[in-house]
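Colleague: Position in the sequence shown (from 1) plus 539 gives the number in the working numbering.
The beta carbon of each residue, even a glycine, is placed where N, CA and C say it ideally should be.
Please find one structure pasted underneath; my questions will follow.
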Amino acid sequence: MFEYIKLKNYKSFKDVELNLLDRRNNPKKLILIYGENGIGKSNIASAFFMLSETLRTMDVRDLMESLLSENSDNVFNDVEELKKYFQARYKDIETLINENKTISSVEPLYMEFGFRLRGKSGRYILETNNSQIIHEQLEYTISKNRGIYFDITCNKQIINNNIFLDKASYRSIKEACLKFWGKHSLLSILLHESDDKSEQYIKQSLIKNFNIVLNFFSKISCKVKLGNSQEQGIIGLPREILSNYYSGEISIKKEKILDNTEKMLNILFKLTYQDIKKVYYKKTINNNLIHYKLFLSKMIAGKVRDIDFSLESTGTQSIIQQLPFMLVATKGAVAIIDEFDMGIHDLLLKNLITSLYNDIGGQLIITTHNTILMESNIPKECIYVINESAANNKEIRCILYYNNKIGNKNNIRNQYLLGRYSGIPDNVDINFHKLLEILTETK
Numbered sequence: 540m541f542e543y544i545k546l547k548n549y550k551s552f553k554d555v556e557l558n559l560l561d562r563r564n565n566p567k568k569l570i571l572i573y574g575e576n577g578i579g580k581s582n583i584a585s586a587f588f589m590l591s592e593t594l595r596t597m598d599v600r601d602l603m604e605s606l607l608s609e610n611s612d613n614v615f616n617d618v619e620e621l622k623k624y625f626q627a628r629y630k631d632i633e634t635l636i637n638e639n640k641t642i643s644s645v646e647p648l649y650m651e652f653g654f655r656l657r658g659k660s661g662r663y664i665l666e667t668n669n670s671q672i673i674h675e676q677l678e679y680t681i682s683k684n685r686g687i688y689f690d691i692t693c694n695k696q697i698i699n700n701n702i703f704l705d706k707a708s709y710r711s712i713k714e715a716c717l718k719f720w721g722k723h724s725l726l727s728i729l730l731h732e733s734d735d736k737s738e739q740y741i742k743q744s745l746i747k748n749f750n751i752v753l754n755f756f757s758k759i760s761c762k763v764k765l766g767n768s769q770e771q772g773i774i775g776l777p778r779e780i781l782s783n784y785y786s787g788e789i790s791i792k793k794e795k796i797l798d799n800t801e802k803m804l805n806i807l808f809k810l811t812y813q814d815i816k817k818v819y820y821k822k823t824i825n826n827n828l829i830h831y832k833l834f835l836s837k838m839i840a841g842k843v844r845d846i847d848f849s850l851e852s853t854g855t856q857s858i859i860q861q862l863p864f865m866l867v868a869t870k871g872a873v874a875i876i877d878e879f880d881m882g883i884h885d886l887l888l889k890n891l892i893t894s895l896y897n898d899i900g901g902q903l904i905i906t907t908h909n910t911i912l913m914e915s916n917i918p919k920e921c922i923y924v925i926n927e928s929a930a931n932n933k934e935i936r937c938i939l940y941y942n943n944k945i946g947n948k949n950n951i952r953n954q955y956l957l958g959r960y961s962g963i964p965d966n967v968d969i970n971f972h973k974l975l976e977i978l979t980e981t982k
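Right, dumping it as structure tokens:
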């Protein structure tokens with residue numbers, strides 16, 4: 540799980556750190572981040588998203604080579620298959636930097652992620668200029684003690700040969716690093732080589748601890764909203780969890796997963812909504828693929844009617860969109876959800892989070908405006924607020940920083956709304972008649 544994250548020259552953050560350790564110095568399993576609109580809550584979520592995206596840039600390279608090759612028609616069987624690749628929203632390093640580096644900044648973008656796996660701490664550093672990676676470093680346990688796995692800059696290439704079980708694999712990665720590093724991170728190169736069927740020996744040639752680190756980073760799940768663009772997500776899914784519960788396709792060999800999902804959704808929605816009587820998938824089979832779409836049987840105007848799930852309320856759709864991320868965190872991985880409360884009733888959201896808290900086996904990081912959660916039984920050390928200091932720097936602090944004697948009986952929601960921890964909009968009195976008057980001026 541993550542112990543901390545440090546960001547410099549990242550979006551609106553000049554230099555900020557988010558400490559995720561509890562009083563016993565263990566990573567917290569739930570983190571709720573509050574703050575006024577535009578303060579940078581989504582930037583925290585997008586930092587994890589960028590980390591995940593940097594791990595996929597070698598896949599972007601393969602995709603582009605396939606598209607540009609003379610035999611590209613053999614790679615994509617039809618337009619729909621090509622469309623799916625583009626919908627995955629793959630991006631190269633330069634695009635990621637342009638989207639996330641502080642506008643007009645001349646200093647490097649710096650990201651540092653402290654993590655703990657199997658009781659051992661490590662850290663990963665990624666640093667870029669305006670177009671490529673200029674520094675990458677990974678530290679974690681090698682055998683018994685913590686050591687440097689690799690430390691790479693434009694002028695040096697240090698890769699610890701002790702993380703490889705044979706010299707051939709070590710030489711192969713060194714060569715790949717010389718060829719691709721800068722436009723791709725070494726983690727991206729290693730994950731790509733490990734996943735490539737023709738290069739499976741690379742994964743088998745890494746020490747166990749390195750494979751643990753690679754698996755951890757590749758399983759990070761992020762659901763973010765980036766500006767005015769559509770929501771984006773990456774889900775490091777276990778094989779039994781669908782990425783899209785509403786509609787999609789699945790191999791006929793995996794129909795059991797779809798049937799189990801249907802049973803699970805019936806339990807969830809019958810508990811959540813009294814008017815929902817049944818949840819089911821309509822299926823069509825074609826070329827050994829099951830095309831599925833979710834429907835509800837619910838009480839409408841005194842009669843049980845079947846409706847397409849796409850006609851359901853924004854809040855109900857929001858729940859099902861975020862459910863895979865909640866289940867991933869329950870399974871034991873890390874999930875990040877931006878604007879978790881979007882469209883969901885305050886009390887329902889409170890019930891979801893309090894029910895989920897005890898079942899989280901991994902780590903769940905959420906940005907939210909829902910202050911009702913502050914009055915729940917969730918430990919107060921899970922609650923954070925983003926503020927802007929007098930020097931115009933952002934600060935992200937647990938509310939216990941302001942009062943370390945807060946207990947479950949304290950009404951911290953009232954204190955937060957009164958400005959005790961800042962992170963709330965200023966009180967304003969807007970004259971809408973004046974706005975309308977300006978808008979309709981004729982002179």
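#1: State the start and end residues of the unbroken alpha helix (DSSP H) segment that holds Gln-954.
#2: How many Å lie between Lys-695 and Cys-921 at the Cα?
#3: How is the beta strand (DSSP E) around Lys-817 delimited, first residue to last?
#4: What does the alpha-carbon distance come out to for the pair His-884 and Thr-855?
#5: Which first and last residues belong to the beta strand (DSSP E) in which Leu-590 is found?
#6: In terms of residue numbering, what span does the alpha helix (DSSP H) encompassing Phe-755 cover?
#7: Decide if Thr-811 is buried, meaning its Cβ has at least 16 other Cβ atoms within 10 Å, or exposed.
#8: By the three-class DSSP mapping on this structure, what secondary structure does Ser-928 have?
#9: Nearest to Ser-928 by alpha carbon, out of Glu-542, Phe-552, Tyr-543?
#10: Compare the C-alpha of Glu-1032 against each of Ser-733, Gly-653, Ser-782, Gly-775 and name the closest.
#11: For the putative contact between Lys-762 and Ile-875, defined by C-beta atoms under 8 Å, what is the C-beta separation to the nearest angstrom?
#12: Within 10 Å of its beta-carbon, does Asp-631 have 16 or more other beta-carbons around it, so buried, or fewer, so exposed?
#13: I'd like to know if the region 812 to 824 and the region 835 to 843 are in contact, where contact means that at least 3 CB-CB pairs between them fall below 8 Å.
#14: Between Ser-737 and the rest of its own chain, which residues show a CB-CB distance below 7 Å, the 5 nearest in sequence each way excluded?
#15: Tell me, please, which residues DSSP counts as bridged to Phe-834.
#16: So, with DSSP's three-state summary, where would you put His-972?
#17: How about Thr-906: is its Cβ closer than 7 Å to a heavy atom in the ligand FMN?
#18: Quick one: Cα of Glu-726 to Cα of Gly-661, how far?
Modeller: Answer, in terms of the structure:
#1: Per DSSP, the unbroken alpha helix (DSSP H) holding Gln-954 starts and ends at 951 to 956.
#2: In this structure, the alpha-carbon of Lys-695 lies about 40 Å from that of Cys-921.
#3: Run containing Lys-817: 815 to 825, per the beta strand (DSSP E) assignment.
#4: In this structure, the CA atom of His-884 is about 10 Å from the CA atom of Thr-855.
#5: Taken as a continuous stretch (DSSP letters only), Leu-590 belongs to no beta strand (DSSP E), being part of the alpha helix (DSSP H) at 580 to 593.
#6: Counting along the chain, the unbroken alpha helix (DSSP H) around Phe-755 starts and ends at 747 to 757.
#7: Exposed.
#8: Annotated three-state conformation of Ser-928 is coil, per DSSP.
#9: Taking the Cα of Ser-928 as reference, the smallest distance to any Cα among Glu-542, Phe-552, Tyr-543 is reached at Phe-552.
#10: In the structure as shown, the chain starts at 540 and stops at 982, and residue 1032 therefore has no counterpart that could be examined.
#11: The Cβ separation is near 7 Å, so the contact holds.
#12: Classification for Asp-631: buried.
#13: Contact holds between the region 812 to 824 and the region 835 to 843, because three or more Cβ pairs, one in each stretch, are under 8 Å apart.
#14: Reliability fails at Ser-737, whose pLDDT of 49 lies under 50, so the model's placement of it is uncertain and no value is given.
#15: Partner(s): Tyr-819, Asp-847.
#16: When secondary structure is reduced to three states using DSSP, His-972 falls in the helix class.
#17: Only the bare structure without any ligand can be found here, which leaves the ligand FMN out of the picture.
#18: Glu is not the amino acid found at residue 726; the sequence shown has Leu there. If you take the alpha carbons of Leu-726 and Gly-661, they lie about 15 Å apart.
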